[in-house]
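Numbering (my numbering), first residue to last: 23 to 928. A virtual CB, placed ideally from N, CA and C, is assigned to each residue, including glycine. Keep in mind it's a predicted model, so treat the numbers as computed, not measured. One structure is given below, encoded as structure tokens.
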């Protein structure tokens, strides 16, 4: 956090009226887009390069390279080995131009040294593009020029990362690089020592191949992330951000604590298109925080609500920062599955935050903002129901219409559908032109009149079209994320260029004004493209630098050491393993951006969670481990002392930054709880869950999180007593983890003798889980170790030995009553990773299967809901009685006061 930001956060020179727009824009620029804006010809050149980057990314995402190659016969289609260096070259050049070296460096010009460094860094990145054929022809044999470009490139990348993201990520990468070179140093503990690498070997891994900087993370940044960031920038430039804020206030602003509820909803909608928690805080917070303070929230609580809701925007599909796209590569599942698994926890978390804010408003008897039209509750519910039903019916009609056109007119369906989209767009613009454009209100105005939802909705329905196109291509057409985002961006380009001229035409203004409106649209489009590029500088540098860490982990094998160390600390307890992983994510995240934090911790710890879970009898899906890591990575934006989102909110609210951070963390406890729950209850991630069961899981989990919010707020109908808070926490736990109580009564597995292993495997259906106990001496000290491995069995038609080998890589031999294990042939198999440290060659003490555990039929987990319902009923009865007594006392006091007033007048 810079000195200027701290000044703004603590109530600096701008006075008590709050920070100016310039200060807030500068705050976002420091974090996201770069604080330097050079003037003159150099400034125009830098702007042109940012624009060229956006156009290049659109070009490679489009079908144009393939069409151009077919027409010209030229090799215009670029592969990953060419795209990644160009992507990084743009990012490094702009990093040196847009981010000053130090806080006192000039902001309105670029020093000569920075231009030289920018050119050198760009050349080092493009070196891979220029000479990639020659480099690939001599694998593992770099020349002196290769090594010079690689060494200089790493140094320049680390400096660019320091400028764009601060020192922490660069320092972490340097530590890993030092470990690569000096892993055999005597001062290192024996457990983490390794042979060390030569400069040539390290540079080959880190820069000249796809195992380091130019690896998966940078590839995801170049292929997917840029387009989604650009999509968000263009959508915001079109006016969607203000539309979302106005719509949220129109829907929720008139309720108790309405501004806070509107902040949650608007941040959720903004989170659909924004991957930056700091930008989300400043965009929505400048309007929501003053209004929250107006209705009774303290400066710290107002900032905390905004932080909690804005940071949660990063867990909201479809953007999710860059993590969703990285998970596609790391977990190996389609993007649609990633956002399906992430959707339910994100929605539940936002609903719980809305309820938490409601409880806060009730506790403090906060007033509501006035609304022009107030409908009675039955009428309001009926209108809401009609609206939701209309949206569902309309969505169904659109789906049927599109599928009908594709079926009836397959050869011309594309132009017909384009014409349909164009007609819908023009109709929505005509509707928007019937009212005034949305203006940004002043939240500090003495009287703020809440907008009417229907009026707001009419002005911005066309902003929904690009989101519909994006979701349609992703979820229905099953296109790639990059191509889906490309189509959505193309539609946004059309909207930016035409919405203002079309509105002018529909409003029957003069021709000159139509031309001016078109020029405004061109300016908005250009600025949106440039802003998208500048927003990507930090992300591209983060993914590239994180590649250094990934390369070091791959080269040194430190990941396996981490697994053994964490297992030693936790004693094999999976809950402690998760706690350690969460702490590592929080500590690293205090200085790393969310994307880099996710890459580092996912590389180190996500496989560890899965392997140690499996080694201790628990099947944890890989996507659950990755989402767990990601959730705690974003919590670092909240957590003091370095929570950047909390500092940004404090700059707007004029509250204490540390107190804002601690309060925001308290408000975010539901986000802390959910990852622990979905690791053990994968239904929350909709894994192997149908529609009906999915609805039930949603209702049950939502109820649990609302109860949890009431417990953490110490308020339900009235203020909680201690036993009521404990009871509510227990209710939430039983709803979220219904199998826990049943498992204590009827153990889920029945142990059988090892000799029955074949019968047990043969009797387990495909996809069924079985556990085996393994005992054997360790290589290191020959101490006998006991393990319980859990795994899922494949095709039931195979013989038992083949099923076990395919599932775990383990081969067994039955000798009488003993079942011996042979050394796993594949060290990367589950059995090889878990048991590879055992001594399989001691004839006196072999590695054996000691027992086999098969699932048993348990009572329905729904029985756990009975004690939960009883506990909740007790709390509700106790609090409803107190609420009635308090209401009677309040009325009695009012009657006494009224009688006294009458007597005084008499």
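query: Counting C-beta neighbours from all protein chains within 10 Å, is the total for residue 910 16 or more, i.e. buried, or is it exposed?; result: exposed
query: Considering only the beta carbon of each residue, do residue 636 and residue 811 sit closer than 8 Å?; result: yes
query: Roughly how many whole angstroms lie between the Cα atoms of residue 908 and residue 485?; result: 48 Å
query: Who are residue 292's beta bridge partners in DSSP?; result: None; residue 292 has no bridge partner.
query: With a threshold of 16 other CB atoms inside 10 Å of the CB of residue 79, please say whether the residue is buried or exposed.; result: buried
query: Taking all protein chains shown into account, do 16 or more other C-beta atoms lie within 10 angstroms of the C-beta of residue 882, making it buried, or fewer, making it exposed?; result: exposed
query: Could you check where the beta strand (DSSP E) with residue 786 kicks off and where it finishes?; result: Segment: none, residue 786 is in no beta strand (DSSP E) and carries neither H nor E.
query: Mind checking which residues open and close the beta strand (DSSP E) that includes residue 549?; result: Segment 533-578 is the alpha helix (DSSP H) holding residue 549; no beta strand (DSSP E) there.
query: Cβ atoms of residue 518 and residue 256: under 8 Å apart, would you say?; result: yes
query: Find out if the Cβ-Cβ distance for the pair residue 869, residue 798 is shorter than 8 Å.; result: yes
query: Return the first residue and the last residue of the alpha helix (DSSP H) that residue 688 is part of.; result: 679-689
query: Identify whether residue 737 lies in helix, strand or coil by the three-state DSSP scheme.; result: strand
query: Name the two residues that bound the continuous alpha helix (DSSP H) containing residue 151.; result: 134-152
query: Looking only at C-alpha atoms, which of 408, 673 and 860 sits nearest to residue 807?; result: 860
query: For residue 828, does the three-state DSSP call read helix, strand or coil?; result: helix
query: Figure out for me which residue from 660, 508, 802 and 603 has the closest Cα to the Cα of residue 76.; result: 508
query: Run the CB neighbour count on residue 912, radius 10 Å, all protein chains shown included, and call it buried at 16 or more, exposed below.; result: exposed
query: When you compare each of 488, 141 and 571 to residue 250 by their alpha carbons, which one comes out closest?; result: 488
query: Of the residues 112, 669, 173 and 56, which one's Cα is nearest the Cα of residue 125?; result: 56
query: Closest to residue 543 by C-alpha separation, out of 378, 515 and 424, would be which residue?; result: 515
query: Which whole-angstrom value describes the C-beta separation of residue 202 and residue 578, a residue pair presumed to lie in contact below a C-beta threshold of 8 Å?; result: 6 Å
query: Distance, Cα to Cα, residue 915 vs residue 687?; result: 38 Å
query: Report the residue ranges of all beta strand (DSSP E) runs contained in full by the region 835-863; include only those spanning at least 3 residues, in chain order.; result: 840-844
query: One question on the structure: do residue 222 and residue 169 come within less than 8 Å of each other, judged by their Cβ atoms?; result: yes
query: CA-CA distance, residue 819 and residue 848?; result: 23 Å
query: Roughly how many whole angstroms lie between the Cα atoms of residue 802 and residue 254?; result: 54 Å
query: Going by CA-CA distance only, name the one from 800, 274, 118 and 96 that's closest to residue 71.; result: 118
query: Would residue 261 and residue 482 qualify as a contact pair, given that the criterion is a beta-carbon distance under 8 Å?; result: yes
query: Round the Cβ separation of residue 734 and residue 691 to the nearest angstrom and send it over; I've been treating them as touching at under 8 Å.; result: 5 Å
query: Sort 339, 107, 348 and 128 by Cα distance to residue 59 and report the nearest one.; result: 128
query: How close, in whole Å, do the beta carbons of residue 374 and residue 657 come, if the pair is a contact with beta carbons under 8 Å?; result: With a Cβ gap of about 15 Å, residue 374 and residue 657 do not count as contacting.
query: Does DSSP classify residue 121 as helix, strand or coil?; result: coil
query: Under a three-way DSSP split, which group does residue 797 fall into?; result: strand
query: Using 10 angstroms around the beta-carbon of residue 821, count the other beta-carbons present and answer buried if the total reaches 16, otherwise exposed.; result: exposed
query: For residue 873, which beta-bridge partners are listed by DSSP?; result: 775 and 795
query: For residue 572, count neighbouring Cβ atoms within 10 angstroms of its own Cβ and tell me buried if that reaches 16, exposed if not.; result: buried
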